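In what follows, a structure is listed as structure tokens, so that the remarks can point back to it.
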Amino acid sequence: MDTSKSQLVRLDLEDKTTHSSRTYNIFDFNDEHHAFSFYDTSACFEPEQRKSFAIAFKDQPFHPTLDAYSTSFLNSALLQMSEQTLVSPARFQKASVTYDDSSVYLLVTALGTPPALSLFYKLGQVPQNTSAPQELALFVDDCAASCVQTESFICYSFDFCNADSDSPSCLLSGYRLPVVSTTAATQGGTNSAAAAGGATCTRYILTISASAPPPPPSSLHAIFGFSLSLRS
18 MDTSKSQLVR LDLEDKTTHS SRTYNIFDFN DEHHAFSFYD TSACFEPEQR KSFAIAFKDQ
78 PFHPTLDAYS TSFLNSALLQ MSEQTLVSPA RFQKASVTYD DSSVYLLVTA LGTPPALSLF
138 YKLGQVPQNT SAPQELALFV DDCAASCVQT ESFICYSFDF CNADSDSPSC LLSGYRLPVV
198 STTAATQGGT NSAAAAGGAT CTRYILTISA SAPPPPPSSL HAIFGFSLSL RS
């Protein structure tokens, strides 16, 4: 009996933003390794965020074994593009190989950057920190973008305050600030000054660590400046 394929695995998924969860019981794994682009997310991007291009391997006639190893070839190509552009392999979709009498062509669709807010996770309610740098942002998505794009310091978290008002506040921070209860803050102590502004904020923290690669290029066109070298 192959215990590696009969062992039950439980997958728990939880979305704290919608307070929903789902559990999957998984049996009978197979050993097939899918290409990086197996999960195609291109439909989630607008047409202007999808750019198709071709890489030509000139004067390299199609080899009969490429059909048999096309998945490995595509994975290797996408991995090299990912390493050289510092973006996820998942942003290169619909990869395929074609050829003519003299050359082999790699066809790929590159996807734009995901929304900045997707780089953060929502922690909870906090009192307003009146000493934090403030950015102009009417929506939480704009506040997240400001945190990612600021060049004056490395932004690791932000507070979005008075979200339902006509003049919300976007407060950036270079720290992974913990959640402070608004109730505790109003009881005095070191947090009472932070609550003086009277605003209630929602805190978001960047999900990547300081040792992770830098954020992907903000422009889709910025990912095309690379060279690709694959062993035959």
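Per our numbering, the very first residue in the sequence shown carries number 18; after that it's consecutive. Don't be surprised by glycine CBs; every beta carbon is placed ideally from N, CA and C. Quantities reported herein were computed from a predicted structural model and do not represent experimental measurements.
- If you draw a 10 Å sphere on the C-beta of P81, you find fewer than 16 other C-beta atoms in it, and that means exposed.
- Take D57, set aside five residues on each side of it, and the residues of its chain with a beta-carbon closer than 6 Å to its own are Q110, in chain order.
- Taken through DSSP and simplified to helix, strand or coil, L155 comes out as coil.
- When Cβ pairs closer than 8 Å are counted between the two stretches, the region 125-134 is seen to touch the region 92-111, the count reaching three or more.
- The Cβ-Cβ distance between A161 and L189 does not fall below 8 Å.
- Note that the C-beta distance between F74 and V121 is below 8 Å.
- A distance below 7 Å between beta-carbons, with the five flanking residues on each side excluded, links F137 to the following residues of its chain, in chain order: A161, Y221, I222, L223, T224.
- Here C164 is near C172, since their CB atoms are less than 8 Å apart.
- Excluding sequence positions up to five before and after A216, its CB lies within less than 7 Å of the CB of Q145, C178, N179, S186, all in the same chain and listed in chain order.
- Across the set L28, C218, L155, L30, the C-alpha of C218 shows the shortest separation from the C-alpha of V143.
- Contact between L96 and A112 does not hold, since their C-beta atoms are separated by about 11 Å, which reaches or exceeds 8 Å.
- Between V114 and S93 the beta-carbon gap is near 12 Å, outside 8 Å, which marks them as no contact.
- Along the length of the region 165-190, whole beta strand (DSSP E) runs at least 3 residues long occupy 174-178, 186-190, reported in chain order.
- Going by beta carbons, S174 and R193 fall inside the 8 Å limit.
- The straight-line gap separating the alpha-carbon atoms of E65 and P131 is approximately 13 Å.
- Secondary structure of S113 (DSSP, three-state): strand.
- At least 8 Å separates the beta-carbon of D117 from that of A133.
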